[in-house]
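Down below is the structure, laid out as structure tokens.
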Amino acid sequence: MTKEKIAEDFINAAVNMDIKSAKGACKEAIAKGIDPYEFIEMAITKALTIIGDKFENEEFFLPELFMAAEIVKKSMKILEPHIKGSGKKKNLGKVVIGTAKSDMHDIGKNIVSFFLEAEGFEVIDLGVDVPAEKFVDVVRNEKPDILAISALITLTMPEVSNTMKALENANIRNQVKVIIGGAPITQEFVEDIGADALALNAIDGVKKCKRWVGA
Ligand code: B12
């Protein structure tokens, strides 16, 4: 079976909320030696885009979004142990990561965390719904090299901006590089709020983080 066919099987299973077949496609991908990251991009992210579009068109509702998140969580459990570099020494630098206040989306953030760790970063994951003050406290106390923020809904973008202002007000903005990711985030937004970089996806984000620490 080709990787395109396995990805298609995963997408069909996920869109039909068939968790068993989705897990089966992930196992098949691993058995065929497909790079897990490639599979995440061509199968999981694509399936979630289709599901998101169906939600927007009112073919799907919140229960389907929750079910899709569950399918992805179970699928990632199968793929993660096969990601190259897992278990590397954590000596590249320290990253604090979290999803902006009022935002509960964490699938993308978790993928980024996982890749950062796989590459050798120490990651402090603050989870979802993280207020600006919390980011500031942790940056002050943990002195990370990088602060990484995820925002998936347009309405939570101002919270990212608030975090930048809070870092400035606490006089610690210059101590840390700031990278922002998530579908609604644009280069223009990143420049406007004075962050250091936009990440289009996990690989792009990890590449930028590695460059900052000279790796
Ligand atoms: C699954 C999902 C949910 C799940 C989330 C479960 C979870 N544990 O995460 C649940 C059901 C909770 C949910 C809820 C809601 N959701 Co929702 N959800 C989605 C969906 C279908 C998939 C998101 C996802 O995981 N994508 C896959 C990951 C891998 O992609 P990603 O997040 O973009 O991350 C990648 C990159 O962006 C990047 N990245 C992301 N963050 C970061 C951070 C850094 C630092 C870096 C380096 C990189 C990076 O790297 C990742 C990997 O490559 C999207 C549709 C979509 N296509 O995005 C809607 C979507 C994001 N949701 C949406 C909405 C409206 C909602 C709700 C408001 C619905 C409601 N009426 O209640 C609530 C909001 C709840 C809240 N307060 O947060 C809208 C947002 C529209 C907008 N632009 O504002 C979307 C786009 C759906 C749509 N088309 O309408 N949702």
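Numbering-wise (my numbering), the sequence shown opens with residue 1 and increments by one.
From the three backbone atoms N, C-alpha and C, an ideal C-beta is built for every residue, glycine too.
The structure presented is a predicted model; accordingly, all values stated were derived computationally and were not measured.
Check whether the Cβ of G93 sits closer than 6 Å to any heavy atom of the ligand B12, and report yes or no.
-> Numbered from its first residue, the sequence shown carries residue 93 at position 93. No, Cβ of G93 sits at least 6 Å from all heavy atoms of the ligand B12.
Pick helix, strand or coil for D129, following the three-state DSSP scheme.
-> Position 129 of the sequence shown, counted from the start, is the residue given in the question as residue 129. Here D129 sits in coil by DSSP.
For E59, which three-state DSSP category applies?
-> The residue given as residue 59 occupies position 59 in the sequence shown. E59 falls in the coil class under three-state DSSP.
Whole angstroms is fine: what's the gap from F60's alpha carbon to N16's?
-> Here residue 60 corresponds to residue number 60 of the sequence shown, with the count starting at 1. Here residue 16 corresponds to residue number 16 of the sequence shown, with the count starting at 1. Their Cα atoms are separated by approximately 11 Å.
Within the present structure, is the beta-carbon of I51 separated from the nearest heavy atom of the ligand B12 by less than 6 Å?
-> As a working mapping, residue 51 is identified with position 51 in the sequence shown. Flag set: Cβ of I51 near the ligand B12.
Taking the alpha-carbon positions, what's the A29 to K3 distance?
-> Start at 1 with the first residue of the sequence shown, and residue 29 comes out as number 29. Start at 1 with the first residue of the sequence shown, and residue 3 comes out as number 3. Approximately 7 Å, taken between the alpha carbons.
Write down the C-beta distance between I78 and K32 rounded to the nearest angstrom, noting that I regard them as a contact closer than 8 Å.
-> Taking the sequence shown and counting its residues from 1, one reaches residue 78 at position 78. Taking the sequence shown and counting its residues from 1, one reaches residue 32 at position 32. Not confirmed; about 13 Å, so no contact.
Anyone know if the C-beta pair for I34 and V72 falls short of 7 Å?
-> Your numbering for residue 34 matches position 34 in the sequence shown. Your numbering for residue 72 matches position 72 in the sequence shown. No; because the gap between Cβ atoms is not below 7 Å, this pair is not in contact.
How big is the Cα-Cα spacing for L92 and M67?
-> If you number the sequence shown from 1, residue 92 lands on position 92. If you number the sequence shown from 1, residue 67 lands on position 67. Near 36 Å, if we compare the C-alpha coordinates of M67 and L92.
By the 10 Å Cβ neighbour count, where 16 or more other Cβ atoms means buried, how is P144 classified, buried or exposed?
-> As a first step, residue 144 must be located in the sequence shown, where it is residue number 144. With 16 or more Cβ atoms within 10 Å of its Cβ, P144 is classed as buried.
Sequence ranges, beta strand (DSSP E) only - wholly within the stretch 7-62, length at least 3 = none
Quick one: using the 10 Å Cβ neighbour count with 16 as the cut-off for buried, is M164 buried or exposed?
-> Counting from one through the sequence shown, the residue named residue 164 turns up at place 164. Buried.
Per DSSP, F121 forms a beta bridge with which residues?
-> Along the sequence shown, one-based indexing puts residue 121 at 121. According to DSSP, which records beta bridges pairwise, F121 is partnered with G93.
Would you report the Cα separation of F115 and M42, rounded to the nearest angstrom?
-> Taking the sequence shown and counting its residues from 1, the one referred to as residue 115 is at position 115. Taking the sequence shown and counting its residues from 1, the one referred to as residue 42 is at position 42. Their backbone Cα atoms lie some 17 Å apart in a straight line.
For the ligand B12, any of its heavy atoms closer than 6 Å to the Cβ of S150?
-> Taking the first residue of the sequence shown as 1, we reach residue 150 at position 150. Answer for S150: yes, Cβ within range of the ligand B12.
What does DSSP give as the partner residues of K177 in its beta bridges?
-> In the sequence shown, counting from the first residue as 1, residue 177 sits at position 177. For K177, which the question treats as bridged, DSSP gives the partners I146.
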